[in-house]
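Residues 272 to 714 in this note's numbering are what the sequence shown lists, from first letter to last. Don't be surprised by glycine CBs; every beta carbon is placed ideally from N, CA and C. Here is the structure we will look at.
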Amino acid sequence: MTMLEIIEKKKWGQALNEAEIRFFAEAAAAKSVPDYQLAAMLMAIRLNGMTDEETTLLTLAMRDSGDVVDLSSIPGIKVDKHSTGGVGDTTTLVLAPLVAACGAPVAKMSGRGLGHTGGTLDKMESIPGMRVALTEEAFLKQVREIGVAVVGQTGRLAPADRTLYALRDVTATVDSIPLIVSSILSKKLAAGSDAIVLDVKTGSGALMRDLESSIHLAEIMVRVGTLAGKPTVALISGMDQPLGTHVGNALEVREAIDILAGRAGGDLKEVSLTLGGFMLMLAGKAGSHDEAVRMLEAALDRGAGLRKLREMIAAQGGDPRVCEDPDLLPQAPVRKTVFCGQAGYVSKMDTTALGLAAQAMGAGRLRAEDPIDYAVGYVLRVRLGDQVTPETPLCELHARTGADAVQAEAAIRAAISISDTPREKARNFLALITRDGVIRYGE
């Protein structure tokens with residue numbers, strides 16, 4: 272068997288068998304064939320697609336291309352949550368401690384931000400002293416002792432995906448459904464959890480901009496996760512505006528702390544409780560979603576979620592005092608309130624542009640090796656559907672320099688439309704996908 276033979280077969284739209292798919296994944300992990308052959312294979316997959324069985328085989332082969340974490344030493348059913356990426360999406364820092372406070376262990380491996388989307392690890396590293404690189408032994412020990420750990424992926428986790436992901440970015444194959452599914456799920460399966468909750472974003476800040484494409488992606492991920500032996504559910508959530516009001520690493524940690532402390536609510540809280548509810552259900556801690564959400568709300572009310580976050584921060588070397596005093600987080604030297612400047616209704620947001628505005632301030636990166644400024648970003652003071660006046664605050668900028676603030680103000684104003692026509696508030700959830708099918712909300 273050669274890579275050329277496999278490319279030839281997929282070029283004509285034929286289904287590949289397990290041996291051929293494993294050869295491809297192992298070649299990507301070992302870099303034993305030239306990049307141009309891997310790139311040709313990616314384009315053949317992009318143009319001709321894969322069956323669910325092929326996608327499952329590719330996912331498993333990519334999972335097996337490196338280490339697979341063994342979580343069996345941790346009692347209970349371990350449930351992972353994955354978001355397809357967005358702006359102001361700080362759900363992990365809210366729901367991980369909350370779910371753990373309700374008795375379900377959370378052993379989570381997260382990633383860094385790239386482009387317009389933020390990364391959980393970058394947010395966590397804005398906490399002074401916080402470590403996100405733990406040995407597997409330390410990771411497992413922490414979850415056994417306090418019920419929760421959120422760390423970075425090891426270098427040997429799904430190495431085939433690392434090679435293919437980099438090539439997809441430069442070969443216009445990023446939008447291939449089988450490649451998206453296998454990339455996401457191979458890492459989730461390699462991380463060792465027993466069940467998976469997927470948060471598939473849709474809208475102006477999402478990988479998939481329209482609802483039907485998002486549902487199609489979610490359906491395939493649920494089928495593949497189920498075929499791989501992991502109970503999997505997916506929710507389609509809106510990304511037509513930033514999820515949280517805070518955009519930027521330390522600012523997003525502050526918002527998560529405020530929610531856990533009972534000082535804030537809004538869309539980020541609602542989405543976190545909804546996703547966390549499905550995690551508790553799959554973990555066997557609740558018989559219904561309503562019951563699970565009540566458990567999470569009770570944990571919030573008694574401060575258990577904030578205490579668990581404090582424990583996790585302390586266990587990973589961070590300064591737990593940030594939970595009582597968020598001002599200990601990095602602070603930007605320049606702060607400026609920007610006003611709407613006109614009357615009307617907030618009618619549209621380009622969420623990708625809003626993410627890029629924070630990135631340009633230093634809160635994100637263009638390349639994996641770029642440095643991060645943890646302090647900068649902005650607090651968005653309006654939501655879709657809000658009625659505003661010229662004096663209504665639009666956002667509060669947290670910048671490194673005055674010039675950065677001027678640039679960010681222009682970018683944010685350009686990304687937000689205010690019109691004379693009222694519009695409805697944005698919905699947080701549009702559909703639920705399980706192995707039994709699709710439930711559309713609001714129809």
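Run of the beta strand (DSSP E) containing residue i, from where it starts to where it stops
i	result
Asp341	Premise fails: Asp341 is in no beta strand (DSSP E) and is neither H nor E.
Lys607	605-610
Arg383	Careful: Arg383 lies outside any beta strand (DSSP E) and carries neither H nor E.
Lys619	615-620
Gly390	Note, Gly390: premise wrong, no beta strand (DSSP E); not H, not E.
Gly648	648-651
Gly588	No beta strand (DSSP E) holds Gly588; DSSP gives it neither H nor E.
Gly423	419-423
Lys281	Element bounds for Lys281: not the beta strand (DSSP E) but the alpha helix (DSSP H), 274-282.
Ile467	466-473
Glu667	664-670
Cα-Cα separation between residue i and residue j, rounded to whole angstroms
i	j	result
Thr622	Leu701	18 Å
Ala437	Val445	10 Å
Ala375	Thr406	22 Å
Gly536	Ile278	51 Å
Val339	Leu329	15 Å
Val288	Asp306	Looking at the sequence itself, residue 288 is Asn, so the reference to Val does not match. Each residue's Cα considered, the two are about 22 Å apart.
Asp465	Asp351	8 Å
Phe410	Ala462	11 Å
Tyr645	Ala634	6 Å
Ser690	Ala378	45 Å
Glu568	Thr273	56 Å
Arg706	Leu625	35 Å
Met632	Leu435	30 Å
Leu580	Arg427	28 Å
Asp561	Lys459	26 Å
Asp432	Ala301	11 Å
Ala521	Ile491	35 Å
Leu544	Thr503	18 Å
Ala628	Glu276	46 Å
Residue of the options minimising C-alpha distance to residue i
i	options	result
Ala586	Gly389, Val422, Arg494, Ala375	Val422
Val452	Gly474, Ala489, Ala443, Gln424	Ala489
Gly284	Ala682, Met321, Lys501	Met321
Ser344	Gln413, Glu324, Ala299	Gln413
Thr660	Tyr616, Ala628, Asp644	Tyr616
Gly251	Ser457, Met395, Lys394	Lying before the first or after the last residue shown, residue 251 is absent from the chain, which here runs from 272 to 714.
Ile467	Gly548, Ala299, Glu662, Gly612	Gly548
Asn699	Asp511, Asp393, Val419, Asp675	Asp511
Ala367	Ala332, Glu408, Ile417, Pro430	Ile417
Glu680	Leu651, Leu539, Lys282	Leu651
Ala575	Thr545, Asn319, Lys459, Cys373	Cys373
Gln424	Ile455, Met620, Lys619	Ile455
Ala614	Thr663, Arg581, Pro597	Thr663
Thr391	Thr363, Thr503, Val370, Arg415	Thr363
Lys280	Leu318, Glu297, Ile491	Leu318
Leu551	Ala332, Ala301, Leu369	Leu369
Pro430	Met380, Leu539, Glu297	Glu297
Ala676	Tyr649, Ser543, Arg415, Glu526	Tyr649
Same chain, Cβ closer than 7 Å to residue i, neighbours up to 5 away in sequence not counted
i	result
Arg606	Glu667, Leu668, His669
Arg334	Ala429, Ser457, Leu460, Ala461
Range covered by the alpha helix (DSSP H) that runs through residue i
i	result
Arg711	Not the alpha helix (DSSP H): Arg711 falls in the beta strand (DSSP E), residues 708-711.
Thr261	Limits of the chain in this structure are 272 at one end and 714 at the other, which puts residue 261 out of reach.
Leu331	323-334
Ser457	448-461
Leu514	Unbroken run through Leu514: none, as it is neither H nor E.
Ile316	306-319
Asp440	430-441
Beta-carbon contacts of residue i that lie in its chain and below 8 Å, excluding the five residues immediately before and after
i	result
Glu325	Ala286, Leu287, Ile292, Pro449
Ile584	Ile398, Met401, Asp590, Pro591, Val593, Cys594
Ala404	Val422, Gly423
Cβ neighbours of residue i in the same chain (closer than 6 Å, five flanking residues each side left out)
i	result
Thr473	Met479, Leu482, Ser485, Ile507
Leu577	Leu531, Ala532, Cys594
**OP:** Please confirm if the stretch 707-714 is in contact with the stretch 655-664, defined as three or more CB-CB distances below 8 Å between the two stretches.
**Re:** no
Subject >> the stretch 306-320 touching the stretch 510-524, judged by at least three CB pairs closer than 8 Å >> reply: no
Original post:
Contact between the stretch 346-362 and the stretch 397-404: three or more CB pairs below 8 Å?
Top reply: no
Original post:
Should the stretch 634-646 be called in touch with the stretch 688-704, which here means at least 3 C-beta pairs below 8 Å?
Top reply: no
Original post:
Looking at C-beta atoms only, is the number of pairs between the stretch 552-565 and the stretch 346-355 that lie closer than 8 Å three or more?
Top reply: yes
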